[in-house]
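For reference, the structure discussed in these notes is given below.
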Amino acid sequence: MAITINDHQWLILKTLIKAQEFLTQDQLISRNHLDNAIVSATFLYGQEKGWLEIREIAREELILTETAASQIAKGFPERQVLSYLVAQKKVPIKEFVTYLKDKDLQLNDIIKWGTLRNWITKDKGEIIITTAGKNAVDQEADDEKALKVAIPEGSIFLDELDKSINLENVKNLLKNRNSVVKIKARTLRLAKITSKGLKELQEDKIKIVQEKNILTSEDLLSGNWQNIKLRHYDVKLEAEKVYPVKINLMQKIIQQTRNAFLEMGFEEIVSSQVESSFWDFDALFQPQDHPARDMQDTFYLENPAKAKLPSKDIINKVKATHENGGDTGSTGWGYKWNEEKAKEMILRTHTTAASIREIAKNPNPPRKVFCVGKVFRNEAISYKHLPEFFQIDGIVIDKNASLATLLGTIKEFYRKMGFEKIKFKPSFFPYTEPSVEIFVYMESKQKWIELGGAGVFRPEVTRPFGCNVPVLAWGFGLERLAMLRYGLKDIRELYWSDFDKIKEVALCQ
Amino acid sequence: MPVVAISVKHLNKLIGQDHPQEKLVQALEQLGCDVEDTVNLFLYKCPACGAPNDKLETEEGTKRCEFCGHEDGTIFEKFASDKVIRIDLLADRPDLFNVGGLARSLRGYLDIETGLPQFALSKGELEVNVDPAILKIRPYIVCAEAEVPALDHNSLREIMKLQENLHWGIGRDRKLSSIGVYNLDTIKGPITYTGVKPDSMKFYPLGYPDTQMTPAQILEKHPKGVGYAQLLQGKELYPILKDNQGMVLSMPPIINSEETRCQIGTTKLFIDVTGISEAAVVDSLNILTTGLIELGAKIKTVKVNYPDKSIVTPDLKSQKIEVGLQNAKDWIGVDFTKPEFEKSLRKMCLGVQLKKDGIYEVQYPAYRSDIRHEVDIFEDLAIGYGFDKIEPRLVPTMTVGSERAEEKISNIVRDIMLGLGYTEIMSLNLNSIENHITKINLPQDNNYVVVGNPKTINQKVVRKHLMSGILETLEKNKKKVVPQAIFELANVVCLNPEMETGTNEYRHVGFAVIGPDAGYAEVRAVLDSILRELGLTGQYVAATHPAFIEGRYAEVSNENGFLARVGELHPKVITNFNLAYPIAYCELRLIKVI
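Here the protein sequences come in this chain order: A and B.
Going by our numbering, the final residue of the first sequence carries number 674, and the count climbs one at a time with no gaps.
Going by our numbering, the final residue of the second sequence carries number 595, and the count climbs one at a time with no gaps.
This is the structure we're talking about:
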């Protein structure tokens with residue numbers, strides 16, 4: 166069976182068969198006019214097949230900086246002052262500095278490099294020339310010799326230097342001279358044909374195909390693609406990092422939440438962020454002196470300051486319910502309800518305002534609606550609190566609605582959000598009876614996390630709007646869910662939009 | 002929300018059984034309490050009076066005695082610790098504000114003592130006469146006498162804390178009702194509840210045994226007076242309680258007198274609750290006295306003589322409400338048997354009697370101020386039965402889901418923007434006038450929604466455009482590689498006096514490119530592509546806008562009016578946000594939401 170080898174590799178292998186001795190990568194490159202990548206790939210392939218024996222030799226290369234040539238031509242600072250120092254024998258530092266100023270040289274450089282070369286010493290404020298220094302005047306140092314050789318190519322391997330040059334000396338003198346040169350460790354690779362290679366690689370047994378790096382349109386149209394072999398890549402090499410642009414993290418939670426309720430047959434509703442106290446509080450049977458309506462917690466508006474109230478009929482029913490229960494079967498709160506207070510404009514404190522508006526609009530069962538929107542609490546921004554956050558609010562108006570179906574609906578929602586374990590605890594909210602708090606089990610944290618409140622609307626809430634079946638209601642904050650999902654400790658991070666962070670957080674969490 | 006710390010030892014003592022802390026916590030949670038945590042309370046002995054002051058183990062030890070006020074700059078000596086369960090107070094259930102009320106509920110819930118609790122009252126001699134002059138100022142007063150085991154530091158503090166919590170929970174910070182507790186031995190009846198002119202008399206307010214003050218001076222100088230002065234603001238007369246010797250008991254709702262203060266060893270208490278809400282004063286007294294009974298007190302009634310009637314308080318008789326069994330089954334969604342129904346309610350300290358077929362009479366104790374409808378009983382029923390026993394299920398009714406138009410269109414636009422390589426950001430709706438108006442070069446014309454009482458200036462205005470949020474985001478990311486391309490989809494709020502809420506809301510998309518080559522052509526191309534994909538056409542008109550460079554700004558509209566603004570931002574706006582590259586910006590109105 167013929168061995169298939171591409172044309173470039175065959176050139177290299179043929180050279181090695183002919184030479185029957187170790188050749189370096191560079192030798193193969195120059196003899197065959199090929200590039201480094203092809204030679205490397207052939208070495209790897211040949212070694213794998215047992216055709217080539219590869220030897221690696223550690224080498225060090227001097228690589229000159231861009232300004233190295235001019236520095237070397239001028240002479241290093243310590244050399245420039247050598248004859249002056251020989252003439253002076255010793256010179257007080259003060260005087261020396263003046264001399265250096267004229268020549269635009271730095272004292273520190275002279276001392277650093279001069280002492281490293283053992284050309285000068287410093288004693289009692291004087292610079293003294295040494296014997297080695299005197300001798301150096303008309304004798305090039307090893308490093309200077311090496312650098313001169315390297316200038317034409319800009320680099321040289323230490324092992325290519327003349328044998329008379331002491332390599333240790335060169336390395337010692339140049340290792341910290343970064344403005345001139347860098348010493349880089351390299352590996353020299355050599356290859357030699359093996360006996361197995363000689364046996365298997367006989368011209369008549371080889372099928373040579375043309376190898377290319379790029380598949381061109383011409384190759385495809387002309388049919389030449391059948392004659393070419395495409396070069397193999399090292400598919401294990403790490404690739405450059407690229408990131409897709411992404412939907413915002415918080416937005417993702419919002420969309421996931423919306424989809425969960427849409428899938429469960431809920432109709433999406435909306436209400437204004439800017440709301441009247443009537444719809445945010447009074448319609449939900451919150452007494453006008455309730456602490457939740459306090460200036461402390463609620464943003465009251467200066468402009469617009471007053472809302473228009475709904476029809477007189479609705480106002481009278483809500484007023485009666487607050488004062489004495491009206492015809493809801495309740496005793497009410499027993500205080501005088503104030504219409505002006507209900508007109509006060511606020512930023513909605515919960516999306517439940519949207520739910521109760523929807524009940525007023527159409528109280529007839531069966532209905533399932535939800536609303537996602539910003540709600541506001543008068544708090545300063547901190548790592549724990551934001552004055553505004555997203556809430557999902559939902560209601561079910563149904564003759565079969567009950568506490569049991571409330572728990573079932575919420576359980577199904579959180580299951581869709583990825584929480585299989587859920588538990589309920591009784592709670593107290595002013596407008597629901599019974600009221601529950603919801604806890605989900607976070608597998609990653611191994612603990613129960615409180616995620617929201619729910620309940621069955623009190624008849625005092627629903628009956629003034631003509632709704633006579635139980636109404637299930639819930640309101641969940643979404644930021645907390647997002648923080649848990651993305652492992653954030655600081656709620657502000659959700660709105661910082663740090664571009665690097667957005668890039669790095671994976672879409673599937 | 003205030004937090005109350007309940008001693009596990011004390012709670013067990015009042016329950017009459019020894020329960021491990023975890024079991025108590027679990028039972029309290031199943032009753033609906035919000036258990037914050039369980040911690041150790043350290044007790045520190047005051048070197049002056051010997052009173053035990055407590056601090057949580059997480060807090061620094063105490064340096065000031067809460068009983069005698071002693072303070073010498075050093076931390077008192079710690080002498081004991083006590084395990085406590087910390088509970089958030091629930092505004093709806095003030096009867097659970099203290100250890101006595103919690104112990105009573107737990108006795109029921111844990112099946113130790115179920116059904117309606119009975120509270121014995123004996124008739125007292127003391128009378129309180131109400132002066133007609135006070136009826137316009139603070140018209141309601143109810144009172145009680147209590148014989149208690151000699152007060153020690155713990156019981157004294159217990160009573161003070163319950164009083165404080167009831168001021169919060171029922172009294173709306175003393176506005177609706179406020180409580181006074183006195184050493185009855187210092188008082189000679191009958192007592193008069195009257196009103197005095199602010200400067201007409203003097204007494205020793207609590208904490209000032211050597212300084213007499215007039216009511217007006219108290220409002221100016223005494224810390225409590227300063228704190229609650231607004232409750233009496235503009236009143237002609239200030240409320241005063243005094244005994245038949247003319248000694249002042251208190252000036253409700255501000256401060257008691259020094260002479261009548263309760264002390265260690267006091268065994269007889271006089272209690273008054275005054276207020277402007279009859280329900281609040283009655284509820285406060287009922288909860289305080291039934292709480293004291295749990296702590297071993299005997300309560301005597303007091304006769305209160307109003308100008309037109311006399312009443313005897315407290316009235317701790319139970320109340321009743323009719324409850325339909327079928328209604329309860331429907332509301333909770335559980336097909337309760339009669340014994341299940343009855344047992345569950347009795348566990349919640351309620352009395353249950355079948356009245357006629359399917360109709361029960363449920364009696365509830367006088368401290369249950371939260372019950373105003375049969376659904377309140379349904380909740381107790383569910384709690385008594387156990388939430389964990391209720392099988393969650395879905396409503397069987399079929400409904401069709403549907404999404405809002407602005408969300409549909411936003412999802413399309415989001416896909417377009419992401420597809421064009423723009424990163425989605427979200428910024429906040431509330432902003433400062435400086436960032437939202439001034440830095441954008443917009444006029445301060447009050448043509449925006451203004452918040453009246455924000456905690457910081459950063460929440461002064463509700464956004465009417467998305468530009469400031471996008472620029473703030475670019476500013477936060479200014480050290481990152483440019484070009485950057487971002488967008489935001491959100492609602493903005495614009496004033497419209499015609500609307501019920503005085504505003505309209507619109508869904509906008511705003512997008513920006515920052516970088517050395519950012520320019521009009523790039524964002525214009527994106528805007529065109531959005532319009533094309535949405536099937537819209539717009540007329541571009543060269544216009545001027547203070548945020549944009551003149552000659553590089555266009556407004557886009559169609560037959561329905563304004564659609565978009567697009568252009569290159571003015572260098573002043575760019576530098577106002579500390580940015581250093583050209584920015585091309587576009588904001589498109591997608592749809593009217595409200």
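Quick reminder that beta carbons are idealized off the backbone N, C-alpha and C, glycines included.
Can you tell me whether DSSP reads residue i as helix, strand or coil?
| i | result |
| --- | --- |
| residue 357(A) | strand |
| residue 102(B) | helix |
| residue 424(B) | strand |
| residue 525(B) | helix |
| residue 541(B) | strand |
| residue 601(B) | With chain B covering 2 to 595 only, the question about residue 601(B) has no answer from this structure. |
| residue 275(B) | strand |
| residue 591(A) | strand |
| residue 89(B) | strand |
With a threshold of 8 Å between beta-carbons, can residue i be considered close to chain A, or not?
| i | result |
| --- | --- |
| residue 33(B) | yes |
| residue 485(B) | yes |
| residue 596(B) | With chain B represented from 2 up to 595, any question about residue 596(B) goes unanswered, as that position is not in the structure. |
| residue 452(B) | yes |
| residue 405(B) | yes |
Roughly how many angstroms separate the alpha carbons of residue i and residue j, rounded to a whole number?
| i | j | result |
| --- | --- | --- |
| residue 343(A) | residue 310(A) | 17 Å |
| residue 249(B) | residue 241(B) | 7 Å |
| residue 474(B) | residue 477(A) | 46 Å |
| residue 642(A) | residue 298(B) | 45 Å |
| residue 394(B) | residue 430(B) | 38 Å |
| residue 370(A) | residue 181(A) | 17 Å |
| residue 33(B) | residue 384(B) | 8 Å |
| residue 77(B) | residue 665(A) | 52 Å |
| residue 112(B) | residue 291(B) | 20 Å |
| residue 482(A) | residue 435(A) | 24 Å |
| residue 398(B) | residue 524(A) | 18 Å |
| residue 210(B) | residue 263(B) | 14 Å |
| residue 293(B) | residue 101(B) | 7 Å |
| residue 502(A) | residue 130(B) | 31 Å |
| residue 366(B) | residue 321(B) | 9 Å |
Taking 8 Å as the threshold (beta carbon to beta carbon), is residue i in contact with chain B?
| i | result |
| --- | --- |
| residue 553(A) | yes |
| residue 584(A) | no |
| residue 661(A) | yes |
| residue 590(A) | yes |
| residue 232(A) | no |
| residue 626(A) | no |
| residue 210(A) | no |
| residue 721(A) | This structure cannot speak to residue 721(A), because chain A is shown only from 166 to 674. |
At least one CB of chain C closer than 8 Å to the CB of residue i: is that the case?
| i | result |
| --- | --- |
| residue 398(B) | This model lacks chain C altogether, as its protein chains are A and B. |
Give me the subset of the stretch 380 to 396 of chain B whose CB atoms are less than 8 Å from a CB atom of chain A, sorted by chain position. The stretch 380 to 396 of chain B vs chain A, Cβ under 8 Å: 380, 383, 384, 388, 389, 391, 392, 393, 394, 395, 396.
Of the residues that make up the stretch 47 to 71 of chain B, which ones have a beta carbon closer than 8 Å to any beta carbon in chain A? Cβ contacts with chain A come from no residue of the stretch 47 to 71 of chain B.
Chain B contacts from the stretch 434 to 467 of chain A (Cβ-Cβ distance under 7 Å): Residues of the stretch 434 to 467 of chain A that bring their beta carbon within less than 7 Å of a beta carbon in chain B comprise 435, 437, 438, 439, 440, 441, 454, 456, 460, 464, 465, 466, 467, in sequence order.
Between the stretch 302 to 329 of chain B and chain A, which residues of the former have a C-beta closer than 7 Å to a C-beta of the latter? Listed by position along the chain: nothing, the set is empty.
Closer than 7 Å, Cβ to any Cβ of chain A: which residues of the stretch 416 to 431 of chain B, in chain order? The stretch 416 to 431 of chain B vs chain A, Cβ under 7 Å: 419, 422, 423, 424, 425, 426, 427, 428, 429, 430, 431.
Could you run through the stretch 324 to 338 of chain A and flag, in chain order, every residue whose CB is less than 7 Å away from some CB of chain B? Considering only beta carbons, no part of the stretch 324 to 338 of chain A lies closer than 7 Å to chain B.
Which residues, in chain order, does the stretch 81 to 106 of chain B contribute to contact with chain A at a C-beta distance below 7 Å? Answer in chain order: 91, 92, 93, 94.
Contact list for the stretch 401 to 417 of chain A against chain B, Cβ threshold 7 Å: For the stretch 401 to 417 of chain A, the beta-carbon criterion of a distance under 7 Å to any beta-carbon of chain B is satisfied by 410, 411, 412, 413, 415, 416.
If the cut-off is 8 Å on Cβ atoms, which residues from the stretch 172 to 190 of chain B count as contacting chain A, listed in chain order? From the stretch 172 to 190 of chain B, only 173, 176, 177 have a Cβ closer than 8 Å to chain A.
Near-chain A residues of the stretch 274 to 288 of chain B - C-beta to any C-beta below 7 Å: Contact annotation: in the stretch 274 to 288 of chain B, residues whose CB is within less than 7 Å of a CB in chain A are 278, 280.
Only counting runs of 4 or more residues, tell me where the alpha helix (DSSP H) segments fall wholly within the stretch 285 to 353 of chain A, in order along the chain. Runs found: 296 to 301, 307 to 315, 332 to 339.
Pull out every residue of the stretch 559 to 579 of chain A whose Cβ sits closer than 7 Å to any Cβ of chain B, in chain order. The residues in question are 561, 563, 565, 566, 567, 568, 569, 570, 572, 573, 574, 576, 577.
For the stretch 484 to 505 of chain A, list every residue whose C-beta sits within 9 Å of some C-beta in chain B, in sequence order. Of all residues in the stretch 484 to 505 of chain A, those with a C-beta nearer than 9 Å to a C-beta of chain B are 490, 493, 494, 495, 496, 497, 498, 499, 500, reading in chain order.
When Cβ atoms are compared, which residues of the stretch 338 to 366 of chain B fall closer than 7 Å to chain A? Answer in chain order: no residues at all.
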